[in-house]
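Read left to right, the sequence shown gives residues 79 to 410 (this note's numbering). Beta carbons are placed, not taken as given, at the ideal position from N, Cα and C, and that holds for glycine. Predicted, not measured: the structure shown is a model, and the values here were computed from it. Working notes, structure below.
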Amino acid sequence: MLAVFDGHNDALTKPDCELLAAGRSGGHLDLPRMRAGGIRGGIFSVFVSSPGDEHTTAPEPVEHEEAAARATAVAGRLVALERAGEVRVARSIRDLDKASTGDGPPVAVLHLEGAEPIDPGLEALELWYAAGLRSVGPVWSRSNAFGHGVPFVSPSTPDTGPGLTEAGLALVRRCAGMGIMVDVSHLNEAGFWDLAGLELGPIVASHSGVHALAAASRNLTDRQLDAIGASGGLVGIVFACSFLRPDFADDPDTPLSLVAEHARYVADRIGVEHVALGSDYDGTTIPAALGDAAGTPRLLDVLRSVGGFDERELSLIGWENWRRVLAAWWRS
Ligand code: ZN
Numbered sequence: 079m080l081a082v083f084d085g086h087n088d089a090l091t092k093p094d095c096e097l098l099a100a101g102r103s104g105g106h107l108d109l110p111r112m113r114a115g116g117i118r119g120g121i122f123s124v125f126v127s128s129p130g131d132e133h134t135t136a137p138e139p140v141e142h143e144e145a146a147a148r149a150t151a152v153a154g155r156l157v158a159l160e161r162a163g164e165v166r167v168a169r170s171i172r173d174l175d176k177a178s179t180g181d182g183p184p185v186a187v188l189h190l191e192g193a194e195p196i197d198p199g200l201e202a203l204e205l206w207y208a209a210g211l212r213s214v215g216p217v218w219s220r221s222n223a224f225g226h227g228v229p230f231v232s233p234s235t236p237d238t239g240p241g242l243t244e245a246g247l248a249l250v251r252r253c254a255g256m257g258i259m260v261d262v263s264h265l266n267e268a269g270f271w272d273l274a275g276l277e278l279g280p281i282v283a284s285h286s287g288v289h290a291l292a293a294a295s296r297n298l299t300d301r302q303l304d305a306i307g308a309s310g311g312l313v314g315i316v317f318a319c320s321f322l323r324p325d326f327a328d329d330p331d332t333p334l335s336l337v338a339e340h341a342r343y344v345a346d347r348i349g350v351e352h353v354a355l356g357s358d359y360d361g362t363t364i365p366a367a368l369g370d371a372a373g374t375p376r377l378l379d380v381l382r383s384v385g386g387f388d389e390r391e392l393s394l395i396g397w398e399n400w401r402r403v404l405a406a407w408w409r410s
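Given below as structure tokens:
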């Protein structure tokens, strides 16, 4: 079975996440379903929801103190899984390589989706790094001390406001210096160009789609795709129905072929070396034909049949492209 690395899941934030090792009755991802789907590694998101409904068009900000408290608890769940021997928290690229060969448990990259848990002075970043943090998205789809995320508006350009703040520029520079990947998914376009201009590393959008195919604010314009390609980065193609479909419907009756169409578009425009997977399992509505993480082989079949990708290209999309960009940011 092809080893798959998945660029984004929200399973740690779910109320039944204590069942991640044994298997949850619902949702999309747990360790048994990762094994069934060939997912040998993934980016596990620590996310703090906004007050009220997180799925409103423009989610409200969250204060640093509250975010820090809640995120510490969520991250602790992943560290507990590692202590129990159920996952290996990735601290260097060797941890990915071990997992890709089936040596030991799956590898989990600890990710902050929205940097509110980090103080604007960045003192907490060292402790998070020591706990295993290796990926940071400066913003979720709201504003914080570091920058501004895109509101959930469709259709919309991602050019929705100002760029990274001074604290945001300091954050991404410090991340690069420490060997933490920076993720542009949810970041607005001005922030994207601020990051791109710093040339800190390959530009990575962990879970996004193609704006030319579905003009959602969360998707990437052709110009952004070109910059990602030029930087050696990648797009983890998201499985969210509302970002895949040209009508943005949040409808599980969405053909799996749309994932392949977004992947093919990115491959044709900037090269298959810049295409990867970023499911957003447990964070969104995904096509019913996929079902959950165990259905990943069905997606690979569609990438072959509809996307026209051969086995070498599938190994790039499935694992090697993620390995390359993570190695570039981590440098160890
Ligand atoms: Zn997200």
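Rounded separation between residue i and residue j - CA only
i	j	result
E164	P184	8 Å
H106	G116	14 Å
G182	R118	10 Å
L377	R111	14 Å
G386	A354	15 Å
E244	F224	7 Å
V313	R161	31 Å
V316	H86	8 Å
G148	D388	With the sequence shown as reference, residue 148 is identified as Arg, and Gly is not the correct amino acid for it. Taking the straight line from one Cα to the other gives about 43 Å.
A209	V288	34 Å
F270	I281	9 Å
H226	L190	15 Å
D358	D88	7 Å
P229	A294	10 Å
I121	R102	19 Å
V384	L80	18 Å
A202	E143	12 Å
V214	P233	27 Å
L188	G257	13 Å
F125	F83	20 Å
A338	S284	16 Å
V231	G239	13 Å
Sheet register partners of residue i (DSSP bridge)
i	result
M259	S213
S123	H189
D83	The identity of residue 83 in the sequence shown is Phe, whereas the question assumes Asp. Answer is G119, bridged to F83.
I315	S286 and L355
L336	Looking at the DSSP assignment, L336 forms no beta bridge with any residue, so it has no partner.
L265	G227
4-residue-minimum alpha helix (DSSP H) runs that sit fully inside the region 186 to 249, ordered along the chain: Counting only unbroken stretches of 4 or more residues, the alpha helix (DSSP H) elements lying wholly within the region 186 to 249 are 202 to 209, in sequence order.
Given 8 Å, three or more beta-carbon pairs between the region 158 to 177 and the region 191 to 203: Below 8 Å, too few C-beta pairs join the region 158 to 177 and the region 191 to 203 to call them touching: fewer than three.
Unbroken stretches of the alpha helix (DSSP H), 4 residues or longer, contained in the region 354 to 410: Segments of the alpha helix (DSSP H) lying fully in the region 354 to 410: 374 to 383, 389 to 393 and 399 to 408.
Count the CB pairs spanning the region 250 to 258 and the region 145 to 162 that are closer than 8 Å, and state whether there are at least three. Remark: fewer than three beta-carbon pairs, one from each stretch, lie closer than 8 Å, so the region 250 to 258 and the region 145 to 162 are not flagged as touching.
Would you mind listing the alpha helix (DSSP H) stretches within the region 273 to 313 that are 4+ residues and don't spill past its ends, in chain order? As far as the region 273 to 313 is concerned, its whole alpha helix (DSSP H) runs of at least 4 residues are 300 to 309.
Extract the residue ranges of the beta strand (DSSP E) inside the region 108 to 176, only unbroken runs of 3 or more that lie entirely within it. Annotation note: the region 108 to 176 contains the following uninterrupted beta strand (DSSP E) runs of length 3 or greater, listed N- to C-terminal: 117 to 124.
Taking one C-beta from the region 213 to 222 and one from the region 257 to 277 each time, how about it: are there three or more such pairs within less than 8 Å? Contact between the region 213 to 222 and the region 257 to 277 is present: three or more C-beta pairs spanning the two stretches fall below 8 Å.
Does the pairing of the region 294 to 308 with the region 339 to 351 give three or more beta-carbon distances under 8 Å? Yes, the region 294 to 308 touches the region 339 to 351.
For the region 330 to 337 and the region 355 to 365, state whether three or more C-beta atom pairs, one from each stretch, are separated by less than 8 Å. Taking a cut-off of 8 Å for Cβ pairs, the region 330 to 337 and the region 355 to 365 touch, as three or more such pairs fall below it.
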